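Numbering (the numbering used here), first residue to last: 1180 to 1441. From the three backbone atoms N, C-alpha and C, an ideal C-beta is built for every residue, glycine too. Bear in mind the structure is a predicted one, so any value in this text is a computation, not a measurement. Accompanying notes for the structure given below.
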Ligand SMILES: Nc1ncnc2c1ncn2[C@@H]1O[C@H](COP(=O)(O)OP(=O)(O)OP(=O)(O)O)[C@@H](O)[C@H]1O
Ligand SMILES: [Mg+2]
């Protein structure tokens, strides 16, 4: 069944940045007047050249970094659970001495949940990323792509409403990357999380996103955005369609503009 994702859904944004500026202590203007609203159910990619402030923006959304001024509204501000944001980094950052199960259990452990109580939640999220059979394995026994899946499962185990991903597939080979991208879309639909995904890749962003926000550097700012109004689920065949090629061309043109503007 095809599901059209609404990029302009009415209602309250899940996260909203209004005129956000970030100036680092050394004077670097990492973000200038950033306005970004993301609505529930969207898959938004932040695309732009190195140094345009993508990670800075993501860290501010996650409350891992302070902004200099402007306003940030995020999940949890409405009084509901504050464990509502999951973060996936470029490197999986797993504990090598712990099993896959224990790596994924960690956020629930830190929240005070017993192993027994967390068992079903951990196993269900491991099944979602296709690794339930590896629950007793150690990270060294897994491939790079499998380690990244563990990292995604760990971010999803608290059932966050918002999942932030900072170039999660950058260190992987192209085949693994494409497979994980397809799986990520399935996980996104199964988990009903909203995703903000940072990438350098035009092809990856067009495959995944319901909307692409393009940024330029010096100072970091948004220079344009494009909705990708193609239905989900999307699979490998989508990469072969004229619509995919057209979107890639449009996004590449906007990215070239961003490089010149920076
Ligand atoms: N801790 C810091 N102190 C000073 N400047 C910083 C710091 N972190 C980032 N910057 C600067 O802020 C700007 C934006 O950096 P950021 O890491 O957000 O970019 P990015 O778009 O994520 O780049 P990349 O694609 O290379 O990951 C850059 O000019 C960078 O040098
Ligand atoms: Mg970055």
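Secondary structure at residue i, three-state DSSP: helix, strand or coil?
i            : result
residue 1383 : helix
residue 1378 : strand
residue 1274 : coil
residue 1185 : Note on residue 1185: pLDDT 38, under 50, position unreliable in the model; no value is reported.
residue 1242 : coil
residue 1211 : strand
residue 1433 : helix
residue 1363 : helix
residue 1336 : coil
residue 1373 : strand
residue 1229 : coil
residue 1341 : strand
residue 1397 : coil
residue 1448 : In the structure as shown, the chain begins at 1180 and stops at 1441. Residue 1448 is therefore absent and cannot be evaluated.
residue 1441 : coil
residue 1353 : helix
residue 1418 : helix
residue 1326 : helix
residue 1253 : coil
In the DSSP assignment, what residue or residues form a beta bridge with residue i?
i            : result
residue 1216 : 1195
residue 1404 : 1392
residue 1200 : 1248
residue 1425 : The partner list for residue 1425 (beta bridge, DSSP) is empty, contrary to what the question assumes.
residue 1224 : 1376, 1391
I believe residue i touches residue j by the beta-carbon criterion, under 8 angstroms. Please report the beta-carbon distance rounded to the nearest angstrom.
i            : j            : result
residue 1386 : residue 1418 : 6 angstroms
residue 1345 : residue 1213 : Wrong, their Cβ atoms sit about 16 angstroms apart, outside the cutoff.
residue 1350 : residue 1342 : Contact flag wrong, Cβ pair sits at about 19 angstroms.
residue 1332 : residue 1310 : 7 angstroms
residue 1217 : residue 1193 : 6 angstroms
residue 1243 : residue 1399 : Residue 1243 to residue 1399, Cβ: 17 angstroms. No contact.
residue 1433 : residue 1403 : 5 angstroms
Are there three or more Cβ pairs, one per stretch, closer than 8 angstroms when the region 1278-1298 is compared with the region 1368-1381?
no
At least 3 beta-carbon pairs within less than 8 angstroms: the region 1222-1241 vs the region 1389-1404:
yes
Entirely within the region 1263-1321 and at least 4 residues each: give me those alpha helix (DSSP H) ranges in chain order.
1279-1289, 1294-1307
Assess contact between the region 1242-1250 and the region 1302-1312, defined as three or more Cβ pairs (one per stretch) separated by less than 8 angstroms. Is contact present?
no
Please confirm if the region 1259-1278 is in contact with the region 1308-1324, defined as three or more CB-CB distances below 8 angstroms between the two stretches.
yes
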